[in-house]
Amino acid sequence: TLDAIVECRNLNPATMGRVELYLLDENSVVVGKVGMFDAYRNSSENFGEVMAGNGDYNHLIIAETGYYRTTWNDFYGRLHIARVGNYWQGDIALIDEKGNYHTEKFAQWWDTGNSFMKKVAQIVIHICSFNDAPSLIAAVHDIKVQKVNSNTERQIPYIVQKGDLVEIDSSDASIRINGADAINIKDFMSDYIRIEKGKNEIEISPNNIGQVDVTYRERYR
1 TLDAIVECRN
11 LNPATMGRVE
21 LYLLDENSVV
31 VGKVGMFDAY
41 RNSSENFGEV
51 MAGNGDYNHL
61 IIAETGYYRT
71 TWNDFYGRLH
81 IARVGNYWQG
91 DIALIDEKGN
101 YHTEKFAQWW
111 DTGNSFMKKV
121 AQIVIHICSF
131 NDAPSLIAAV
141 HDIKVQKVNS
151 NTERQIPYIV
161 QKGDLVEIDS
171 SDASIRINGA
181 DAINIKDFMS
191 DYIRIEKGKN
201 EIEISPNNIG
211 QVDVTYRERY
221 R
């Protein structure tokens, strides 16, 4: 998996440019990429891409401007691509000043022909402008690359790592890990914490999980 916090500021309609991260194999052949760019002169229109493969042979998992032509303008957010076996997923999301993810596009794809299975060995950052057009503001602020190990039936998968911030909000039925929506990892049979009238007891298991903070408000306040 690759997660990158990138900036692609294009509020000035005259500016153009792109910021991309390429996944390369041991022979420097492109395996996949994520990117955000504005290639329109005199128009602010950021375009996001998550791609399996390379420029000659590929599958576009995400290739759009978001919900509207201006959805991802003045972009500061996360670009995500992941491959587990022949399963691929992509995600593009804005990050607000509180660190919460929003205006998100998530997509999945199964490479049934096993066309893009080469081992990822390198990450290349590409930031550029277009011809003589003024450059937009582009940067890569953080990159995380992780290998996903396949679990056997008896192994319990780790959904968080040490230092992760997990937020569970019963008021709007949301789950976030480090600000990102994580509702998809919730066990279907589990339910949110309910505070009943009178005395309530909340137990955390295992008891050595670390710091746990619980906040609540009285009903109708």
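The UniProt record's numbering puts the first residue of the sequence shown at 1, with every later residue one more than the last. By construction, the Cβ of each residue, glycine as well, lies at the ideal position given by its N, Cα and C atoms.
N-terminal and C-terminal residue of the beta strand (DSSP E) that residue i is part of
| i | result |
| --- | --- |
| K197 | Here K197 belongs to no beta strand (DSSP E), and DSSP marks it neither H nor E. |
| G32 | 30-38 |
| A4 | 2-9 |
| residue 222 | Because the chain is modelled from 1 through 221, residue 222 falls outside the range shown and cannot be assessed. |
| K144 | 137-145 |
| R176 | 174-177 |
| D169 | 166-169 |
| I125 | 122-128 |
Integer-rounded CB distance, given that residue j should sit under 8 Å from residue i
| i | j | result |
| --- | --- | --- |
| W110 | A52 | About 11 Å; that fails the 8 Å criterion. |
| G55 | F130 | Contact doesn't hold; Cβ gap of about 17 Å is too wide. |
| F116 | V29 | Their Cβ separation, rounded to whole angstroms, is 10 Å, which puts F116 and V29 out of contact at 8 Å. |
| E45 | A139 | Wrong, their Cβ atoms sit about 20 Å apart, outside the cutoff. |
| V120 | D25 | 7 Å |
C-alpha distance - residue i paired with residue j, whole-angstrom precision
| i | j | result |
| --- | --- | --- |
| E104 | H80 | 11 Å |
| N86 | G113 | 8 Å |
| Q122 | V34 | 14 Å |
| Y181 | N100 | Reading off the sequence shown, one finds Asp at residue 181, where the question assumed Tyr. Approximately 8 Å between the Cα atoms of the pair. |
| I5 | K199 | 43 Å |
| I143 | D3 | 6 Å |
| R69 | E201 | 49 Å |
| P13 | T65 | 15 Å |
| C128 | Y40 | 14 Å |
| Y192 | Y158 | 20 Å |
| E196 | N149 | 41 Å |
| Y67 | N27 | 37 Å |
| S135 | Y216 | 47 Å |
| I185 | V19 | 30 Å |
| H141 | Y57 | 29 Å |
| W72 | H102 | 11 Å |
| S98 | I209 | With the sequence shown as reference, residue 98 is identified as Lys, and Ser is not the correct amino acid for it. Roughly 25 Å separates the two Cα atoms. |
| T15 | I137 | 9 Å |
| Y76 | F37 | 12 Å |
| V124 | Y22 | 5 Å |
| H126 | K162 | 31 Å |
| R194 | D132 | 60 Å |
Cut-off 7 Å between Cβ atoms - residues of its own chain near residue i, not counting five sequence neighbours on either side
| i | result |
| --- | --- |
| V166 | V160, I177 |
| I62 | G48, E49, V50, G90, I92, K105, A107 |
| V84 | V148 |
| L60 | E49, M51 |
| D164 | I177, N178 |
| D96 | H102 |
Cβ neighbours of residue i in the same chain (closer than 6 Å, five flanking residues each side left out)
| i | result |
| --- | --- |
| I168 | I175 |
| A82 | T1, Q89 |
| D74 | R9, L11 |
| K118 | D25, V31 |
Close beta carbons around residue i, own chain, < 8 Å, minus the five adjacent residues each side
| i | result |
| --- | --- |
| S43 | P13 |
| I204 | V212 |
Contact test: residue i Cβ vs the ligand SAM heavy atom, cutoff 7 Å
| i | result |
| --- | --- |
| H126 | Annotation note on the ligand SAM: not contained in the displayed structure, which lists no ligands. |
Can you give, in chain order, each stretch of the beta strand (DSSP E) that sits fully within the region 26-102 and has at least 3 residues? 30-38, 47-53, 58-64, 75-84, 87-95
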